[in-house]
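Residue numbering for the sequence shown is 1489 to 1725, as defined by my numbering. Quick reminder that beta carbons are idealized off the backbone N, C-alpha and C, glycines included.
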Amino acid sequence: MSDRTINQQPHTPHQQSHGEPGAHAPHTHGHGSEPDDFAVQIADSVESFVLAVTEVAKGDEPGSAVSLLLLEVSQLLLAGGRLGAIEDVVPEDRFEPDAGPEPDSEQLRERLAELLAPIDVYHEVFDPYGPPEKPNAFRISDDLAGVVSELQHGLTHYREGRVSEALWWWQFSYLSNWGTTCTAVLRALQSLIAHVRLDSPIGAVPDGADTDDDGLTDEQLEQQAGDLMAAELGLGR
């Protein structure tokens, strides 16, 4: 997973406190065990994203992969914005119940990496309000697999009837990690489409970037990326 991923401790009963140091004091936001309309809508958006990314990763329709991911990430960020706009969710329990073993996202990451190989690596500045820093290299495949894993953690709580717990987790992880990650991925995907639609060449990968050297030159990677997007959008090159 990318550098933006928060460090999560193993989820064991009564281990992770919602009132951990540095967290904002939550306001009252009553979400009991029965999901209200808001909870149902957020859960539907989360589940739709997880299912869609999993389907895209199968590679059955590689020609529409980037466009579909652009749509799905945009939709998920809408749900994230709703979570960020409401007051802090207060879970029913002081400590997070055990959600069981974390799902293995490695297969999903590998499939996405293979599907997006020519355009997987992108560059992003982590904190636009932080000290000036050089852009860091990230991978769309790593980021999306990590986001799916985080969302599934909340889905486990939701499906087991712990609605307030699920909402708390989705809100907390949106603010601390996957909101930033999805925003960066969205910028990368939108940039790819803009490069092709505006007939603007995709720049070569900078020296020192993590590209998993496969014997291709920067020019060949650039050509592959442009060809992939042109084919997807039905444009001749």
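Option in V1578, D1525, A1605 with minimal Cα separation from A1553: On the sequence shown, position 65 is the one that residue 1553 refers to. Nearest of V1578, D1525, A1605 to A1553, Cα basis: A1605.
Same chain only: Cβ atoms within 7 Å of Y1676, ignoring 5 sequence neighbours per side: Position 188 of the sequence shown, counted from the start, is the residue given in the question as residue 1676. Here residue 1676 turns out to be Ala, not Tyr, going by the sequence shown. Within the same chain, Y1610, I1628 come within 7 Å of A1676 by CB-CB distance, once the 5 residues on both sides are set aside.
Short Cβ contact (7 Å threshold) for A1633 with G1642: Here the question's residue 1633 lines up with position 145 in the sequence shown. Here the question's residue 1642 lines up with position 154 in the sequence shown. At a Cβ-Cβ threshold of 7 Å, A1633 and G1642 do not count as neighbours.
A1573 versus V1534 - alpha carbon distance: Here residue 1573 corresponds to residue number 85 of the sequence shown, with the count starting at 1. Here residue 1534 corresponds to residue number 46 of the sequence shown, with the count starting at 1. Straight across, the Cα-Cα distance linking A1573 with V1534 is about 17 Å.
Backbone CA spacing between E1726 and L1680 [nearest angstrom]: Coverage of the chain is limited to positions 1489 through 1725, which leaves residue 1726 absent and any answer about it impossible.
Buried versus exposed call for D1698 [16 or more other C-beta atoms within 10 Å across all chains shown]: Start at 1 with the first residue of the sequence shown, and residue 1698 comes out as number 210. Annotation note: pLDDT 48 at D1698 (below 50); position unreliable, no value reported.
Top-ranked residue by Cα proximity to V1436, from P1616, W1666, Q1659: As displayed, the chain neither begins before 1489 nor continues past 1725, which places residue 1436 out of reach and without an answer.
Cut-off 8 Å between Cβ atoms - residues of its own chain near S1562, not counting five sequence neighbours on either side: By 1-based counting over the sequence shown, the position of residue 1562 is 74. Once the five neighbours on either side are set aside, the close Cβ partners of S1562 are L1674.
Cut-off 6 Å between Cβ atoms - residues of its own chain near P1523, not counting five sequence neighbours on either side: The sequence position of residue 1523 within the sequence shown is 35, counting from 1. Cβ within range, chain order: V1651.
V1726, DSSP secondary structure in three states: Shown here, the chain extends from 1489 to 1725; a query on residue 1726 therefore has no answer.
Spatially closest choice to F1626 from A1545, S1661, T1671, E1638, by CA coordinates: Mapped onto the sequence shown, residue 1626 falls at position 138. For F1626, the nearest C-alpha among the options comes from T1671.
Chain-order list of residues whose beta-carbon lies under 7 Å from that of P1579 (same chain, five-residue window excluded): Within the sequence shown, residue 1579 is the residue found at index 91, counting from 1. Excluding residues within five positions, the ones whose Cβ falls inside 7 Å are H1506, S1652, E1653, W1656.
Own chain partners of Q1659 with C-beta closer than 6 Å, once the 5 adjacent residues on each side are dropped: Against the sequence shown, residue 1659 aligns to sequence position 171. For Q1659, where only same-chain residues beyond five positions count, the Cβ hits under 6 Å are L1571, V1577.
Option nearest E1638 by Cα separation, candidates D1608, L1566, S1593: What you label residue 1638 is simply residue 150 of the sequence shown in a count that begins at 1. Checking every option, the nearest Cα to that of E1638 belongs to S1593.
Residues that N1624 bridges to, as DSSP identifies them: The residue you call residue 1624 lines up with position 136 of the sequence shown. E1612, per the DSSP bridge assignment.
Closest Cα partner of A1540 within the set G1649, D1525, L1564, I1530: Within the sequence shown, the letter at position 52 stands for residue 1540. Just measuring C-alpha positions, the residue of G1649, D1525, L1564, I1530 sitting nearest A1540 is L1564.
Span separating the alpha-carbon of L1603 from that of A1545: Counting from one through the sequence shown, the residue named residue 1603 turns up at place 115. Counting from one through the sequence shown, the residue named residue 1545 turns up at place 57. Each residue's alpha carbon lies about 7 Å from the other.
Helix, strand or coil at D1631 according to DSSP, with G and I counted as helix: By one-based count along the sequence shown, residue 1631 stands at place 143. Note: D1631 maps to helix in three-state DSSP.
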